[in-house]
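Mind the numbering: the sequence shown is residues 19 to 338 in this note's numbering, read in order. Here's the structure, in structure tokens; my notes come after.
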Amino acid sequence: MTQHKDVGAIQRLSPTNAEQLTHFIQRRMTLKQLQVILALQRHKTIANASGSLCMTAANVSLYIREMEQQLQTPLFLRNNGLYRATAAGLLLTQLAQRIDNECQRTIDRCRQAVLHPEAHSLGIGYIGASMSAYAYALWHRLLPQVEGNSLHIEDLSGLLHNSDMQMPRDEQLGIVLSTSPLNMAYDSSEWHIQTFVLRQYHILVDSRSPLSNAPSFLLPRVNATLDAMLHDHILVHYPDHSAISFYNNAMAVMQAGLPEDTALIVSAFEFEGLAHQNALQVLDSLQVDHLCYLYVHPRANIIAGLPDALSTLIEMEHAA
């Protein structure tokens, strides 16, 4: 049994404990465990925490003890019956608070949908694998401001295989991000078009597993011009590579696990999101300065703060 004793100042996490904590959060932690941690941090005692959760004190203690045993590090220190979070416990309570807030917003949106069945559904579409990172980042930024409407993401990359890339006739689409210009054969006056520059790509590898002399490469399916540019870079700088394949979503690749002896090519914007969650290092970089396109329909104005989200989150640079 883990003993909860007050040992003075909260100790910083060691690299080993930090790695164990990250793995536990990503692969094993449940919502109920987060609720127990958050309740104990708020109420400071097992009795009060168990009351707020409608659980027995024994079950609350069991949850904490099992997590501490799995992590092999204490989450709380006890002094005169009051519980105080350790460094690991503080990280988990901060995570729990964010998730609890997200859950509450989801519940509120569900209630709004029931009370206002006429609420709109708005889609953020993306064309080209590199634009998926922008679409998901924009979705995350806008979600708290949807005000009773629903917001979803649509992968429209199949249009890259069409010689005539027309804007889809989808009454729910409000925002489209594309690595290629779209044919605005209809409703051209309704869509507001902005451009921005995709400046750089990074070649990433797992920092824990060095590449061989004949690695494989995973490339984003962008458009014919950028596909050829990335392909040529590999042929010139890595002539002994074993294979070149394409992916649709970099985050999905990393969640499934980067294959052994494989390098992943992502945009600089995608790298910012991936680097925080994975043991990646930059093997090589290449400048591209490729023009990309943002299409915004007036129906997207149902979202408060849309202009700010587009300019600050996407870090847009208006191209000449």
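Each residue gets a CB set at the ideal place from its N, CA and C atoms; glycine is no exception. Source: prediction; values computed, not measured.
Checklist entry - Helix or strand or just coil, what does DSSP make of TYR256? => result coil
Item to check | Local Cβ density within 10 Å of HIS41, reported as buried at 16 or more and exposed below that | outcome: exposed
Checklist entry - With contact counted as at least three CB pairs below 8 Å, one residue from each stretch, are the stretch 83-92 and the stretch 150-165 in contact? => result no
Checklist entry - Would you say ILE211 reaches chain C, if we count a Cβ-Cβ gap shorter than 7 Å as a contact? => result The displayed structure is made up of one protein chain only, and chain C is not part of it.
Item to check | Length of the line joining the Cα atoms of TYR144 and ARG83 | outcome: 45 Å
Checklist entry - To the nearest angstrom, how far is it from the Cα of ILE28 to the Cα of SER263? => result Confidence in ILE28 is poor, its pLDDT being 45 and thus under 50, which makes the residue's placement unreliable; the coordinate value appears in the next sentence. Approximately 48 Å, taken between the alpha carbons.
Next on the checklist: Taking DSSP's pairing of strands, which residues face HIS315 in a bridge?
Outcome noted: According to DSSP, which records beta bridges pairwise, HIS315 is partnered with nothing at all.
Checklist entry - Helix, strand or coil for VAL271 per DSSP? => result If DSSP states are grouped into helix, strand and coil, VAL271 belongs with the helices.
Checklist entry - On the premise that ASN201 lies in contact with GLN212, defined as a C-beta separation below 8 Å, what is that separation, rounded to the nearest angstrom? => result About 17 Å; that fails the 8 Å criterion.
Next on the checklist: Whole angstroms are fine: how far does the CA of ILE221 sit from the CA of HIS170?
Outcome noted: Straight-line Cα distance between these residues: approximately 30 Å.
Next on the checklist: Using the three-state DSSP reduction, which class does ASN266 fall into: helix, strand or coil?
Outcome noted: coil
Item to check | 8 Å contact criterion, which SER225 and GLN299 should meet: CB distance rounded | outcome: 4 Å
Checklist entry - Closest to HIS315 by CA distance: which of HIS210, TRP157, PRO162, LEU56 is it? => result Ranking HIS210, TRP157, PRO162, LEU56 by Cα distance to HIS315 puts HIS210 first.
Next on the checklist: Bridge partners for SER168 per DSSP, in chain order?
Outcome noted: SER139
Checklist entry - In the structure shown, what three-state DSSP assignment does ARG159 receive? => result Secondary structure at ARG159: helix, using DSSP grouped into helix, strand and coil.
Checklist entry - Nearest CA to the CA of LEU39: which residue from LEU52, ARG102, LEU109? => result LEU109
Checklist entry - Which whole-angstrom value describes the C-beta separation of LEU354 and HIS251, a residue pair presumed to lie in contact below a C-beta threshold of 8 Å? => result This structure cannot settle anything about residue 354, because the visible part of the chain is limited to 19 through 338.
Item to check | Endpoints, alpha helix (DSSP H) assigned at VAL54 | outcome: Looking at the DSSP string, the run of the alpha helix (DSSP H) that includes VAL54 is 49-61.
Item to check | Top-ranked residue by Cα proximity to HIS308, from SER230, LEU237, TYR256, PHE214 | outcome: PHE214
Checklist entry - Under 7 Å, do VAL54 and ILE64 count as touching if we go by C-beta distance? => result no
Item to check | Runs of alpha helix (DSSP H) lying entirely within the stretch 189-234, each at least 4 residues, in chain order | outcome: Not a single unbroken stretch of the alpha helix (DSSP H) spanning 4 or more residues falls wholly within the stretch 189-234.
Next on the checklist: Assuming ALA126 and LEU56 are in contact, meaning their beta carbons sit under 8 Å apart, how far apart are those beta carbons, in whole angstroms?
Outcome noted: Per the sequence presented here, residue 126 reads as Asp, with Ala not at that position. Their Cβ separation, rounded to whole angstroms, is 18 Å, which puts ASP126 and LEU56 out of contact at 8 Å.
Checklist entry - Can you pull the DSSP bridge partners for PHE94? => result ALA103
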